[in-house]
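The block underneath contains the structure these notes are about, expressed in structure tokens.
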Amino acid sequence: MKKLYTLLSIISFITMSQFGYAQHIAGSAHDFTTQSWNSGVGAEICIVCHTPHNANTSVTNAPLWNHSLSALPSYTMYSSATMNSTAGQPDGSSKLCLSCHDGTVALENFGGVTTGTHPMTGTSLVGSDLSNDHPISITYDAALASSDGGLFNPTTQVSGLGGTITANMLVGNKMQCSSCHDVHNSAGVSKLLVKSNAASALCLTCHNK
Amino acid sequence: MKKWILLQLILIINISPILTAQSIVNSKHNLSISSRSIVKSTNESEICIFCHTPHKSNPASPLWNRNNPGSVYTLYNSATLQALTGQPDGSSILCLSCHDGSIALGNVISRTKVIDFETGNYMPKGNSNLTRNLKNDHPISFVYNSAIALSDGQLKDPASITAPISLERGKVQCTSCHDPHKNLYSDFLLVPQQNSNLCNSCHQRTYWTGSSHSTSNHLWNGVFPNPWPFADQSMITVAQNGCESCHNSHNSKGNLMLLKYQEEENNCLDCHNGNVASKNISAQFAKTYKHNIKGFINIHEANESALVTNMHVECIDCHNPHASKNQTAKAPFVTGFLVGVKGINQNGIAVNPATNSFEICYRCHAGSPGAPASSTLRQIDQNNVRLEFAPNNPSSHSITAVGVNSNVPSLIAPWTTISLMYCTDCHSSDGTESPVGPHGSIYPHILKLQYLTADNTVESTTACALCYSCHSRTSIMADNSFKGHSKHLASRTSCNVCHDPHGISSTQGNSTNNSNLINFATSVVSNSSSGIRRFDDLGLFHGRCYLTCHGVNHNPFTY
């Protein structure tokens, strides 16, 4: 009985601790409240991306989107001779990320503002050439895992985030920016990763190498 | 309780190969701090980072995280290489960004600071460090197509190559043999190398299947040098080591043909020295009279003409290591040891392969520069062995055709007058336990038995042991053929004085004066008082000699 108690308490500690260590967007790389280009809108954190009303709905299922979207007609996508997936143009939530990270829209162009002068620069800028970036907006399903041979089956492989890869990391079976990055910094890991990449744990969640 | 432990043990044993073998995490390519290998970083926990980055990679595919070494490499080359090699490209240049030793292992694009390593920041010297000198490594970054397979003649058509072996955009790259992510078999090889499985995926050497080197179960006896220094522990026989018995695909000391050693014969003699092969060939070359394989280096060329024009001799001039096998044959045909070797036929035409054993000897002994001159000066001098053994000669030992003489009463069974013989029936290593073949002998001319040729040699079973091994001494001394044999031998005239053991060329001699291998040694036999030095054949066992020998004037003597 005592043993069972000990076990239970260990389990509960582990479970609880995830919440205990949960981080927030405040103070993260996505907290722009102190940025010079953002000085005109006070201390609102969410506003750069979200608005409660009159949101931009041009991207399906966009979460009350407030930032101007990129007008780029197309991106150069990653390709390789051994890639089994078909990389199309960015879609879904990745388009929302690119509304800042492709560098064509000023960071302060949100809430109807179109005259911003501060496009993204530096290491976070991915640009319009995504050929040197991990492919996104690709369907990652059991069939792909099977044909590639170097990927786990996402429908059965656990993500380490509570369920399967499909459940926790994909959106409509697609890999998106959000598969690796949590824009709201819930995990509190550098580069807003969904989980720690120590020992390449994030890469090896999907890549069976 | 014990059952539990047992079950757990079984579970661990069953799972552990998967854990240790199939993941990069447990391979030497895990350079992170968690690595079990020696070459590892001091503080970096990420594994993929040493090669890959999810953003801002260069080159874009495969999300590469390292800089191009920008080196100029010395490439592999050989006289028989069909492929057009260029500077490394494709995935190979990515591999070289660590494996040429020029860029720090921890120098990755996605980190501003070089990741430090415990063993020094660069690839340690040794087998994994290929350096910028790739001439001792298997060629890479060359197009491998049907045309190359065809012109080489000993390569598979690339269309027939099956997974997991693959080409990268039609080229052989490091990844054609290695999977950097999975060390299933040692050295990150795609398929087990036992029995040269990997090499044989592309290479299909003529004769290889069934050759001794591909089938022998001989083991190394443990006496150094180790013939297989880089072999996987599971590879303990000649057959298992296969190609690697002689070739190293990387950092080969021999460079040419990726051989283990630059000295051609050393590639053979580290097995054929009594340590692996059953016969000690190496010992033969310590003898005074030998084919002096150690006297030449880097002269033999794989594509040299069948007729050797630049004096040298190496094991591979007579033996094809991809073909040799222990298989007997009947003269004049090549035995298994000489299969797949080029030669010069009786008409002086190059043949590949030689079908008759003597054709291999003709490569050098049929007019090549540097071939040994006759040691006995005779009436008719001929140094081209091919002419000495021509089938239409007035007389010759029966190397190429049945001898002219149908009455040779001295022949010891199984020899008969219709027997054919090998050059090696006379020219072979001495000693009954020695391997067959003219490797080395204590007797001049690499003769297998004593053959004393000096004038005034006292006749005995040993003085003429070579002749007496086929020609019965009893018969000779009983004067069964030439009735003066016993008298001449008793007066200290050796066989060699009257007989020219090879034969007399039809271009110089004739059947009257040169039957029965008669071609007098001029240092012993001089003219008769009438100024004639000649033998006349007068029919079976009858003849006439004009000459002076040991002061005896034959002017003529008739029998």
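Residue numbers (the working numbering), protein chains in the order written: chain P, 4 to 212; chain H, 611 to 1169.
All C-beta atoms in this analysis are idealised placements derived from N, C-alpha and C, irrespective of residue type, glycine included.
Going straight from the alpha carbon of residue i to that of residue j, what length do you get?
i	j	result
H/G832	H/M867	26 Å
P/Y24	P/G191	Interpretation of P/Y24 is limited by its pLDDT of 49, a score under 50 that renders its predicted location unreliable; no figure is taken from the coordinates.
H/I1056	H/D1040	8 Å
H/G716	H/F660	6 Å
H/A976	H/C856	31 Å
P/Y78	P/L128	14 Å
P/F222	P/I50	There is simply no residue 222 of chain P to check, as chain P begins at 4 and stops at 212 in what is shown.
H/R973	H/V918	6 Å
H/G1047	H/A916	20 Å
H/P774	P/I168	28 Å
H/H709	H/E654	20 Å
H/A631	H/Q843	Note that H/A631 has pLDDT 46, beneath the 50 cutoff, so the model's placement of it is unreliable and no number is given.
H/V1162	H/S1136	10 Å
H/T1158	H/V1134	9 Å
H/C1036	H/C809	40 Å
H/S1044	H/A693	42 Å
H/S934	H/D797	30 Å
H/P931	H/A759	21 Å
H/A1023	H/T819	37 Å
H/N731	H/S701	22 Å
H/V1012	H/N885	41 Å
H/T816	H/N913	15 Å
H/Y795	H/V782	20 Å
P/N188	P/G175	22 Å
Alpha carbons only, please: which of the options is nearest the one belonging to residue i?
i	options	result
H/P698	H/T1122, H/G1153, H/S1138 and H/N678	H/N678
P/T36	P/A46, P/I28 and P/H27	P/A46
H/E854	H/S1101, H/Q803, H/C658 and H/W830	H/Q803
H/S1006	H/S1101, H/L1127 and H/E874	H/L1127
H/K870	H/A841, H/K781 and H/T722	H/A841
H/S1138	H/Y1156, H/N1090, H/G711 and H/A769	H/Y1156
H/H922	H/F968, H/N957, H/E875 and H/P942	H/E875
H/D747	H/S859, H/N739 and H/L879	H/S859
H/C1108	H/Y1053, H/A1000, H/T986 and H/E911	H/T986
H/K940	H/P963, H/M1031 and H/K904	H/M1031
H/G582	H/C925, H/N1015, H/L948 and H/F906	Here chain H covers residues 611 to 1169 and nothing more, so residue 582 of chain H does not appear.
H/T1034	H/T1026, H/G1013 and H/S1008	H/S1008
H/S1130	H/S1140, H/G1113 and H/T1117	Residue 1130 of chain H is actually Phe in this sequence, not Ser. Of the listed residues, the one whose Cα sits closest to H/F1130 is H/G1113.
H/E998	H/T1117, H/T816, H/K952 and H/H813	H/T1117
P/L147	P/P66, P/W68, P/M178 and P/G130	P/M178
H/V682	H/R1154, H/T945 and H/L744	H/L744
At which residues does the alpha helix (DSSP H) containing residue i begin and terminate?
i	result
H/Y972	S967 to H975
H/L808	First-last for H/L808: undefined, no H or E at that position.
H/D762	S756 to D762
H/G700	G700 to H709
H/W726	The question names Trp, but residue 726 of chain H is Asp in the sequence shown. That residue, H/D726, is in no alpha helix (DSSP H); it is neither H nor E in DSSP.
H/R1083	R1083 to M1087
H/R996	V995 to E998
H/D927	C925 to C928
P/T208	C206 to C209
H/T850	Here the sequence assigns Gln to residue 850 of chain H, which means Thr is not the residue at that position. Note, H/Q850: alpha helix (DSSP H), V848 to N851.
H/V823	The amino acid at residue 823 of chain H is misidentified as Val; the sequence shows His. Here the alpha helix (DSSP H) through H/H823 covers S822 to T825.
P/C100	S96 to H104
Where does the unbroken beta strand (DSSP E) through residue i begin, and where does it stop?
i	result
H/A1162	It should be noted that the sequence gives Val, not Ala, for residue 1162 of chain H. Segment V1162 to T1168, the beta strand (DSSP E) holding H/V1162.
H/T1158	G1153 to C1159
H/R742	Per DSSP, H/R742 belongs to no beta strand (DSSP E) and is neither H nor E.
H/D880	Here H/D880 belongs to no beta strand (DSSP E), and DSSP marks it neither H nor E.
H/D1146	R1144 to D1147
Taking 8 Å as the cut-off, does the CB of residue i come closer than this to any heavy atom belonging to the ligand SAM?
i	result
H/K935	Looking for the ligand SAM in the displayed structure turns up nothing, as the structure carries no ligands at all.
Would you mind telling me which residues of chain C sit closer than 7 Å to residue i, beta carbon to beta carbon, in chain order?
i	result
H/A670	No chain C is present in this structure, whose protein chains are P and H.
>> Can you confirm whether the segment 891 to 903 of chain H touches the segment 839 to 849 of chain H when touching is taken to mean that 3 or more C-beta pairs between the two stretches lie within less than 8 Å?
In response: Look at the beta carbons and you see the segment 839 to 849 of chain H not touching the segment 891 to 903 of chain H: under three pairs across the two are nearer than 8 Å.
> Using 8 Å as the Cβ pair cut-off and three pairs as the minimum, do the segment 774 to 793 of chain H and the segment 702 to 714 of chain H touch?
Replying inline: The segment 774 to 793 of chain H, when compared against the segment 702 to 714 of chain H, does touch it at the 8 Å Cβ threshold.
> Which residue spans inside the segment 146 to 177 of chain P form an unbroken alpha helix (DSSP H) run of at least 4?
Replying inline: Qualifying alpha helix (DSSP H) stretches, in chain order: 168 to 172.
> Hey, is the segment 813 to 823 of chain H in contact with the segment 832 to 843 of chain H, meaning 3+ C-beta pairs nearer than 8 Å?
Replying inline: No, the segment 813 to 823 of chain H does not touch the segment 832 to 843 of chain H.
> Are the segment 107 to 124 of chain P and the segment 629 to 647 of chain H in contact at 8 Å, needing three or more beta carbon pairs?
Replying inline: Not touching, per the Cβ criterion.
>> Check whether the segment 1016 to 1025 of chain H and the segment 984 to 997 of chain H are in contact - that is, three or more C-beta pairs closer than 8 Å.
In response: No, the segment 1016 to 1025 of chain H does not touch the segment 984 to 997 of chain H.
>> Give the list of continuous beta strand (DSSP E) stretches no shorter than 3 residues that lie fully inside the segment 1090 to 1129 of chain H.
In response: List check, beta strand (DSSP E) in window: nothing returned.
>> Count Cβ pairs between the segment 120 to 137 of chain P and the segment 151 to 164 of chain P that sit closer than 8 Å; are there 3 or more?
In response: Between the segment 120 to 137 of chain P and the segment 151 to 164 of chain P there are fewer than three C-beta pairs closer than 8 Å, too few to call the two in contact.
> If we count Cβ pairs, one from each stretch, closer than 8 Å, do we get three or more for the segment 56 to 66 of chain P versus the segment 129 to 144 of chain P?
Replying inline: Too few Cβ pairs lie closer than 8 Å, so no.
>> If we require 4 or more residues per run, which alpha helix (DSSP H) segments fall completely within the segment 1010 to 1074 of chain H?
In response: Those alpha helix (DSSP H) runs which fall completely within the segment 1010 to 1074 of chain H and span 4+ residues do not exist here.
> At a cut of 8 Å, does the segment 682 to 691 of chain H reach the segment 720 to 730 of chain H through at least three beta carbon pairs?
Replying inline: Of all C-beta pairs linking the segment 682 to 691 of chain H to the segment 720 to 730 of chain H, fewer than three are shorter than 8 Å, placing the two stretches out of contact.
> Hey, is the segment 668 to 676 of chain H in contact with the segment 734 to 744 of chain H, meaning 3+ C-beta pairs nearer than 8 Å?
Replying inline: Under the 8 Å Cβ criterion, the segment 668 to 676 of chain H does not count as touching the segment 734 to 744 of chain H, having fewer than three qualifying pairs.
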